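Everything below concerns the one structure shown next.
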Amino acid sequence: MTEPAVDAPQTPTGTESGRSPKGLDLDRLAAYLAEHRPDLATGPLSARLIAGGKSNLTYLVRASEQEFVLRRPPLGHVLATAHDMAREHRVISALTPTEVPVPAALLYCADDQVIGAPFYLMEKVDGEVFRSRSQTDPLTAGQRRDLAMAMMDTLAALHMVEPASVGLADFGRPDGYLGRQVRRWAGQLDRSRSRPLPGIDELRDGLAETVPEGANAGRIVHGDYRLDNLLASVDPVSVRAVLDWEMATLGDPLADLGLLLTYWDVLGNSDAADGNPVADGLGPRAGFPTGAELIERYAGRSDVNVGPLHWHVALGCFKLAVICEGIHYRHTLGQTLGGGFDRIGDMVAPLVNHGLHAVRER
Numbered sequence: 001m002t003e004p005a006v007d008a009p010q011t012p013t014g015t016e017s018g019r020s021p022k023g024l025d026l027d028r029l030a031a032y033l034a035e036h037r038p039d040l041a042t043g044p045l046s047a048r049l050i051a052g053g054k055s056n057l058t059y060l061v062r063a064s065e066q067e068f069v070l071r072r073p074p075l076g077h078v079l080a081t082a083h084d085m086a087r088e089h090r091v092i093s094a095l096t097p098t099e100v101p102v103p104a105a106l107l108y109c110a111d112d113q114v115i116g117a118p119f120y121l122m123e124k125v126d127g128e129v130f131r132s133r134s135q136t137d138p139l140t141a142g143q144r145r146d147l148a149m150a151m152m153d154t155l156a157a158l159h160m161v162e163p164a165s166v167g168l169a170d171f172g173r174p175d176g177y178l179g180r181q182v183r184r185w186a187g188q189l190d191r192s193r194s195r196p197l198p199g200i201d202e203l204r205d206g207l208a209e210t211v212p213e214g215a216n217a218g219r220i221v222h223g224d225y226r227l228d229n230l231l232a233s234v235d236p237v238s239v240r241a242v243l244d245w246e247m248a249t250l251g252d253p254l255a256d257l258g259l260l261l262t263y264w265d266v267l268g269n270s271d272a273a274d275g276n277p278v279a280d281g282l283g284p285r286a287g288f289p290t291g292a293e294l295i296e297r298y299a300g301r302s303d304v305n306v307g308p309l310h311w312h313v314a315l316g317c318f319k320l321a322v323i324c325e326g327i328h329y330r331h332t333l334g335q336t337l338g339g340g341f342d343r344i345g346d347m348v349a350p351l352v353n354h355g356l357h358a359v360r361e362r
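Per UniProt numbering, the sequence shown runs over residues 1 to 362.
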């Protein structure tokens with residue numbers, strides 16, 4: 001979940017001290033590229049922060065006539081394992097020869113002395129990220145439906161990839177994945193608490209006490225699959241690239257479906273999502289098909305056993321509530337870039353309430 005676009009001030013060289021966008025030192029980047037990828041350092045660098053979600057930072061970098069994209073973790077309060085650049089770089093590299101559309105990976109740098117954090121570079125893919133009503137309202141009903149179905153077809157294609165066939169057999173530990181997810185996000189919650197959060201501990205405990213077996217374990221899971229993590233086109237409708245792979249692993253694909261429904265049906269039908277960059281423009285209220293129609297489409301194109309998804313939606317609510325609380329915490333510390341952060345914290349309560357309702361269903 002990158003910040004809204006902020007153009008870096010331009011200079012004749014584009015890399016003078018103090019002229020880089022916050023979070024990206026262009027002087028240091030230029031020196032690193034000159035040594036490790038001189039083919040990407042073909043001229044003075046300039047960069048701007050790309051509009052996006054609310055977690056990792058994404059920059060469009062220009063060198064002479066070529067452009068590429070740089071991804072790095074957010075500033076300040078960073079949750080352990082939640083912003084893994086090496087993971088993103090590895091998975092998009094592995095998926096390049098498959099039917100899952102991903103940007104080409106260009107370079108990974110683990111040295112946080114270069115720009116202050118690990119980062120990677122990938123190709124710039126043409127397409128649009130649909131995340132707001134101002135973007136989705138002009139679409140026809142047919143385009144909205146086709147876009148939603150293309151989103152589900154792409155997710156089904158991802159879950160059909162055999163991990164070992166693309167060198168990802170050791171990409172995660174499928175056994176016990178769902179239980180570990182509950183424990184992981186409970187730990188992240190404890191690191192992000194800055195205010196009372198009624199009901200969230202009850203939701204955590206309810207999930208921990210009712211973890212399903214996870215019969216579909218062992219598939220490649222995106223970890224944050226939703227419409228605005230895709231680059232798409234509408235003429236004709238297609239998914240050009242799947243983005244934001246920081247939480248990808250091997251696990252139960254129903255977790256991807258549960259989180260998608262959390263965005264689509266829970267936040268998509270909540271007043272807290274109106275005008276909010278995390279969920280505005282999603283779901284039936286924005287003129288898209290229902291979550292049930294999305295699941296039906298997915299089930300028709302995947303061999304995954306799609307059973308009741310109540311628990312997985314509850315997990316999605318818990319996970320997203322923790323993510324939003326972490327972003328809210330960074331915002332209170334002044335460690336976010338761009339606008340749109342003042343209402344992120346408002347989404348925590350409706351997510352917790354819906355999660356409690358879902359985890360109690362059988």
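Each residue gets a CB set at the ideal place from its N, CA and C atoms; glycine is no exception. Just so we're clear, the structure is a prediction, and the values are computed from it rather than from any experiment.
- Per the coordinates, the alpha-carbon of glutamine 135 lies some 15 angstroms from the alpha-carbon of aspartate 146.
- Check the Cα spacing between isoleucine 323 and each of Val211, Ser165, Gln188: the tightest is with Gln188.
- According to the DSSP assignment, glycine 251 belongs to the beta strand (DSSP E) that extends over 249-251.
- In the DSSP assignment, tyrosine 32 falls within the unbroken alpha helix (DSSP H) covering 26-36.
- Taking the C-beta atoms as reference points, methionine 122 is found no nearer than 9 angstroms to valine 239.
- A contact between stretches requires three or more CB pairs, one per stretch, nearer than 8 angstroms, and the stretch 126-141 fails this requirement with the stretch 196-214.
- Taking the CA atoms as reference points, leucine 178 sits about 19 angstroms from alanine 156.
- Under the DSSP definition of a beta bridge, cysteine 109 partners with Phe119.
- At a Cβ-Cβ threshold of 9 angstroms, alanine 241 and arginine 87 do not count as neighbours.
- Secondary-structure assignment with DSSP links isoleucine 220 through a beta bridge to Leu250.
- Of all C-beta pairs linking the stretch 249-263 to the stretch 303-319, three or more are shorter than 8 angstroms, placing the two stretches in contact.
- The continuous stretches of beta strand (DSSP E) do not include valine 306, and DSSP gives it neither H nor E.
- Per DSSP, reduced to three states, the secondary structure at serine 270 is coil, with no helix or strand assignment.
- Here alanine 314 is not near leucine 139, since their CB atoms are 9 angstroms or more apart.
- By the C-beta density criterion, proline 97 is exposed, having fewer than 16 other C-beta atoms within 10 angstroms.
- Between the alpha carbons of serine 194 and alanine 41 lies a distance of about 43 angstroms.
- When secondary structure is reduced to three states using DSSP, glutamate 65 falls in the coil class, being assigned neither helix nor strand.
- Shown here, serine 134 sits in a helix according to DSSP, grouped into three states.
- When the Cα atoms are used, arginine 90 and aspartate 27 turn out to be separated by approximately 26 angstroms.
- DSSP lists Leu57 as the beta-bridge partner residues of arginine 72.
- DSSP, read as helix, strand or coil, puts glutamate 202 in helix.
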